[in-house]
Each structure stands twice: as C-alpha cells, then as structure tokens.
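Okay, structure first, notes after.
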Amino acid sequence: MKPTARWIPYFLVAPAFAIFTLAILGPIIATFGLSLTDWDGFSTPSFIGLENFVRAFNDKVYTSSYGHAAIYIVATLVLEVLVGLILAGLVSAKRNTTFYRVAFFTPVMLPLVVISVLWSFLLNPDLGILNRILDQVGLESWKHIWLGDQSTALLSISVISGWIFAGFYMAIFYAGFQRIPSTIIESARLDGASELQLLRQIKIPMIKNLTEVAVLLCVTGGIQVFDLVYVLTNGGPYDTTQVPTTYLVRVVFRDQQMGYGSALAVILTLVVVGFGLIYNKLRTKDDSVVEY
Amino acid sequence: MFKGKRLIAGMAVGLLGLAVLTGCSKGDSADKVLRIATPSLGDSELPVWEAAKASYEAAHEGWTVEFIQQDDDLYSTVGLPTLLNGKNSPDAYFEWAGARLDQRVAEGFAADISTDIESSGLKDLFNDGAFAGYDSGGKLSMIPRARDVTNVLWYNVDMFAKNGVTPPKTWDELNTVCAKFKSLKINCFVQGNKDLWTVGNWGGHIISRVAGEALYAETLQKKKPMNGPEFIKGLTVLSDLAKNGYVNESVNSIADNEAASLFFQGKAAFHPIGSWLVGTQQDQAPDFKMDFINLPAITDGAGDQDSIMAVFTGYIVNAKSSKKTEVLDFFKELYSPENAKKIADSGTVLLVKSLAGGTLDPLTAKINALLDGAKVVVAPPDTGFELPVADALNAAQAEVIGGKSTPQAALDAAQEKVAALK
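Protein chains in written order, with the numbering used here: chain A, -10 to 281; chain B, -7 to 414.
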C-alpha cells in the first residue's frame, strides 16, 4: 500500500526520530563536540581542537587503564566463561541439579553494588572474614590486604567478577545444552562416550554460536566494567585497578574536566565499537557444523 | 481527506502556538519561587530549614521557598554545575570558600553582596570577623555558614590514660608516643585513604608546616613545581611515619568511615581527620571518649607551627538571580537566634552572635576555640585549589604512605601530571 502523500512516512517516523535524536544522537554529537573543548562544567567551553585527544594518548593512567581492562578481560574469560561452561557441563550431566543451578545463578540476581559492598567486608584487611579465617587455621602468613595491594587487587576483583558471572554464563550454556537432541547424546553414550567426551566433542561444538556470543559479552562487558572496581577499590591502589570507565568518572565528576572527559568517552566508545566490528568480521561461519 | 490534512495541520499549529505561549509566559516577573541548592541537610537540620521556610512564606505573601538537596559527593562534583547551568538555576547555593568561590565569581555565578548584606540587616546577626575568608577580589560574595577544621589528630582518651601517655606537643614527642604504642602492638594512626583526600588533607597540612604556607599555596596554584626540595622534605615527614610502622597497613584500601570505625573500636591511638568526627562519634560510638590535638609543631618547619587546616562554607547569591533581597531576607529568618541554636544542636555552629557564649558540646567548643585562635589557616588541597592539581598531590601522598614510592619519585610523577594540565 502506497501512502497518499509523500510527507506521510516522514511525519510518522518523526516522533521516533525525535526521541532517538534527543536521547541518543544528540548526546553523542554533544559529547564529541565537547571533546574538542576545554570546559569545567560551569564556564563557556573554549575550542581547543584535538588537544584533549593528544593529552589522552600521553596520559599514563588512561593508557594503562586499557591494560588493566585487558588483564581483567583475560581473567574473566577464564573465571566467567570457562568456569560457566564447566559448571553447565556438570549440571547438565546429572539429574536433579536445580539446587546447584539456582545457587550458581543467585549472585547474578543481586545488584552489583550490593555484592561489591559484601565482598569489601569479606576482604577487609582489618575486620574481614577471609583474613580472620586464615588466622584461625594457622595460615597467618597468607593474610593479605587483598584490595589494597597492587599485586592482588585486580586479581581479587576478577575472582569476585567470576563468582558473580560464572552462573550467568552457566545458564546460557545450560540452555544451549538442553536444545541438543537427546538422541545424539544417547547414541554417543551407547557408543561408550564418557561425560567429558560428550562435553568436549558433542556439546561444546554444537553450541559454538552461544560460545561466541558469550565471549563477545564478556569482552565488551570487561571493557565497560565499572561498579565492581568503583566500589571495591575506586581505581586504587595507585591506579593499578583503574579501568577506562572509573578513570572517566574521576576526570568528569571529581576533577570536573568535562572537555577532557568527553574525549576519553569518545575514545572508549570507538574502542568498544571497533572491537565489536573486528570481532564480527573475524567470526567465520562453518557450514559443516550443526548448531543448536 | 483534504479536510483531514487541514485538521492535522491546524492542530499542529495550535499546539505549537500553545507551547510557545506557555514558554513565554514563564517570565521572571511572575517567578516568586526562591530556590536554594545545598548538599543534603540531614534529618536533624532539615526541620529547622522547613521552619524558616514556613516563617518566610508567611511573611512574604505569594512567595515560596524550594530546597534543592543533593547527595554531598554529587553536589560537590557534577551536581552544582548542572544546577547552575540549568534553566531554573538556584537563587542561592552552598559553596566552599577559597578557590571554588573564586571560580564561581570568575564564571559570573556569584553576586557581590558587600552592601546588600548591610542594608538588609543580615550582617548584624554575625560575629565580628565572621566574614574573613568569605570575600573574593575584595568583594563579599558569600553568606557565611560555618568553619570546619579538616585535620586534627583525634586520640583515644582511655587508651592514652591506660598506657600513661600524654598528648604530644611536638613532632619529636609524637614519634616517641608512636614508638611506645608500637611497642605495645597498638597502631599509632589509623587512616582510610581509599578516596585519597584524607591523607591528602593530613599530608597537605604537614607539607604546609614544613614548606611554609606561601610555598604550599603557590605550588598548588601551579606557580612552583611540586617536586621542589621543600615539598620533598614535607612529604618525607609523612613517609617516615609510614616507614616506622606507625600507620595502619590498610591505609590505602579502606575508606574514611571504615577508619573511623576502627578508631572507635580502639584499634589505634590516633585518627587524623576533621571536626565532623564529633557528629560521627555521637551517632556511632556515644560512649567512646576522644579528644584532639592540632598537628604538633615540626622542628625547623618554615610554616606557622600553630596553623590549622580548615574550610569555610557558606551560601553564594547567584549573580544571575534577580532575587538578591529575597535571598538575604530568607537567611535572616534561617539565622535567627532560635534557628541558629537548633542548627548548633544538630552539629553545625553558625558564625552568628547569638551562639557566642552559649552552651556547646565540649569538643565542638574546643574546635571553635581552635578556629578562633588560629592566626594562619591553610586550605585543604581538594577544596582550596584546582581539583586535578590536588589530585596529583593526593595521589603522590598515597604512594608515599603506602610505601610504593619515595617522596622524590612520587612528587616527580605528580609534577608530570600537573605539567600536562592546561
């Protein structure tokens, strides 16, 4: 059916476009515009060209924050995705595993800030349970300032992240495993395949797409990690857990450098989008694999 | 169909006209709302403000007063800029005197109230000398509220008595006291520097005592390099405390409130923090006995060895507001003797005459005496100076107290950060 007048489609699309412009396009353009200025949030912004971007690339804290994010991503790929896959393999291999599935998934349902506060109590160097337990069982030398030592702070955050999100990836992989026809599983069992062989040679290859999505989620989520780091260490000690988002918040909200912060936000956006595009390009579709 | 199009077009034009008219009708002349922005007032102070609002509204027919309250951290960072740049910007707003006040004046958000405060009669409510520190460029730009000491050494009275220790007066005596507590396996200091400002204030005060207030201020104003010998010497004093094992190892991993809790639990002899600890102690550990000393005198320090580190707070009348008279009238109501007494009971001592000679909590009275007797007041890095510069110094102090860097290396890195700023 053709519209009776040429302007009608534009008229109908206009409300949605207006909302999109106000809520998404406008802020993106404004952020890019502000990134070219020196602005503290109060005064009139003054145009300084690409100076903020040059400063960002020379800012050791900012550039190293990507390194910290990379370490966090690698750690969480193991602690979240791989552990989630193993947990899914375990709970799908047995019957009556509802309790375990609920238990592993429960941390995902709690607000990240609540979990962060909870763990900061557990890891508190003076009053925390972990150090007290180590003390009680005679492992006093293992006691540590977990979140205050530059050698353990980022690792501690990664472990906590793994504790939370392994259950999330377990749920994704478990759902994938459930979609595999039982005839395939049963016939493999009849052929004498062990549960480990089933997992490695049948289940995992058949959910390849889900695994790729999980990796993409984990990596993009890792670049954007904020809550955990902000509450647990606030980027410290000595900026060794500073990730791009926490540094961005510090620059904008604490130091009130809106122009510079906007430049950091633009760079971060380009990195995330760039990664997503490259990842999609690298993904190859193998037609010989049957996926569910 | 054609009629339908005309109807739609007519409705669109009508709605547009209505929107324009609605927008235009909100002129200043019709605006009889007094908007006052402030960090959260708290349950104890808010009723006093509400009472002042009710009195003001009763006395000024047609006027209403609105309080725009925000979380403290939000207000001091992005909250206030957003409010001031918004369409209905506040007519008056809370601010810290010093660099922040100067910035508001420079940006055109602070009105000169030098003459108005006198003609309104508000000035008569204040103590003599209450306006010192509230001016910018020789013009009074702030209605004073209160003064907070941001760094004194609070100590555990019972712990001192039990171990026969008397509060130190000099830095050497402080080291002796700390050595004694260390030998008793008691932490001398507990501090929570997760957010960097606590050691920033403490160390900033030490540096100002060693380097001198003028050099301290000039350095934080970027007129002198941060890695000069006097700053290194000052930071070494802080570094030595940590090296000698007098500061809790967890200093950089716990927050200020956690450190306060540890202090109240008797886990340390001293806790270096501001005068607001009185309120925290009353809420959290009412039976805990504490007292304070100012930072002890540092031998050979170039600064005034009785200096205090303090912040002055108050309210700025927005230069963009046409309600200067109304704002001053409201504060006359809020600062009345009756309200000032109630605000004092909630923990904030306004700089008004009516409270002079009144009965205050002994610790609050002692803090006030310290403020009144101070000849030199040093501004904390984070409220007295540009935030990125303060941040560079605070980060350096965190590295030194945590044992990660030497004072020289930490201040070299800080200077590099400052040099990168515009």
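Note that CB positions come from ideal geometry on N, CA and C, so glycine has one too.
Nothing here was measured: the structure is a model prediction, and the numbers come from that model.
According to the DSSP assignment, B:T56 belongs to the beta strand (DSSP E) that extends over T56 to Q62.
Residue range M247 to L271 is occupied by the alpha helix (DSSP H) that includes A:Y268. Using a Cβ-Cβ distance cut-off of 8 Å, the stretch 320 to 340 of chain B and the stretch 396 to 409 of chain B are not in contact, since fewer than three pairs of beta carbons, one from each stretch, lie closer than that value. Counting only the Cα atoms, B:M134 lies some 20 Å from B:S346. Of B:K312, B:G90, B:V392 and B:V341, the smallest CA-CA separation from B:W268 is found for B:V341.
Separation of the CB atoms of B:P82 and B:I60 is rounded to 6 Å, and the pair is thereby assigned contact status at 8 Å. With a threshold of 16 other beta carbon atoms within 10 Å, B:G156 falls short and is exposed.
Interface criterion not met: the Cβ of B:P264 is under 8 Å from no Cβ in chain A. The C-beta of B:E318 comes no closer than 8 Å to any C-beta of chain A. Shortest Cα-Cα distance from B:V25 to any of B:L233, B:W163, B:E318 and B:D63 involves B:E318. Remark: C-beta atoms of A:F157 and A:L199 do not approach each other more closely than 8 Å. Between A:T20 and the set A:L253, A:V102 and A:I37, the nearest pair of CA atoms involves A:L253. Considering only A:E175, A:A164, A:S183 and A:I212, the residue with the shortest C-alpha distance to A:K197 is A:A164.
For the stretch 233 to 245 of chain B, the set of residues with a beta-carbon nearer than 9 Å to any beta-carbon of chain A comprises N240, E241, S242, V243, N244 and S245, in chain order.
Chain order gives no chain B residues near A:I122, where near means a beta carbon separation below 9 Å; the closest approach is about 17 Å. Assignment of A:Y(-1) by DSSP, reduced to helix, strand and coil, places it in the helix class.
Between B:Y126 and B:G306 a beta carbon distance of about 6 Å is seen, short of the 8 Å cut, so the two are scored as contacting. In the three-state reduction of the DSSP assignment, B:L26 falls in the strand class. In the structure shown, B:M134 falls within a coil segment according to DSSP collapsed to helix, strand and coil. A:S183 counts as exposed, since fewer than 16 other C-beta atoms from the protein chains shown sit within 10 angstroms of its C-beta. Close partners of A:P226 in chain B (Cβ separation under 8 Å): N244, S245, A390, G394 and K396. If the five residues before and after A:M247 are omitted, its C-beta is found closer than 7 Å to the C-beta atoms of L23, W28, D29, G30 and V241, all from its own chain and listed in chain order. About 6 Å separates the CB atoms of B:D296 and B:K367; that is less than 8 Å, so the two are in contact.
Residue range V72 to A82 is occupied by the alpha helix (DSSP H) that includes A:A82. When A:A142, A:I134, A:L128 and A:S150 are compared, the shortest CA-CA separation from A:V103 is found for A:S150. In the three-state DSSP reduction, B:P221 falls in the helix class (H, G or I). C-alpha of A:S147 to C-alpha of A:T229: approximately 13 Å in a straight line. Identification of chain B residues near A:N198 by a Cβ-Cβ cut-off of 8 Å yields none; the smallest Cβ-Cβ distance measures about 41 Å.
If you look at B:T305, you'll find it isn't in any alpha helix (DSSP H); it sits in the beta strand (DSSP E) that goes I300 to V309. Of all residues in the stretch 10 to 37 of chain A, the ones placed with a Cβ closer than 7 Å to any Cβ belonging to chain B are D27, G30, F31 and S32, in chain order. Of all residues in the stretch 91 to 124 of chain B, only Q95, R96, A98, E99, G100 and F101 place a beta-carbon less than 9 Å from a beta-carbon of chain A.
Unbroken beta strand (DSSP E) stretches of 3 residues or longer found wholly inside the stretch 289 to 375 of chain B: 300 to 309, given in chain order. Residue state for B:P31 is assigned as strand, using DSSP reduced to three classes.
Sorting B:T168, B:D298, B:T375 and B:A371 by C-alpha distance to the C-alpha of B:L362 places B:D298 at the top.
What A:G137 touches in chain B, judged by beta-carbon distance under 7 Å, is S242, N244 and S245, going in chain order.
Leaving aside the five residues that flank A:V208 on each side, the residues in its chain whose CB is nearer than 8 Å to its CB run, in chain order, I62, L66, F264 and Y268.
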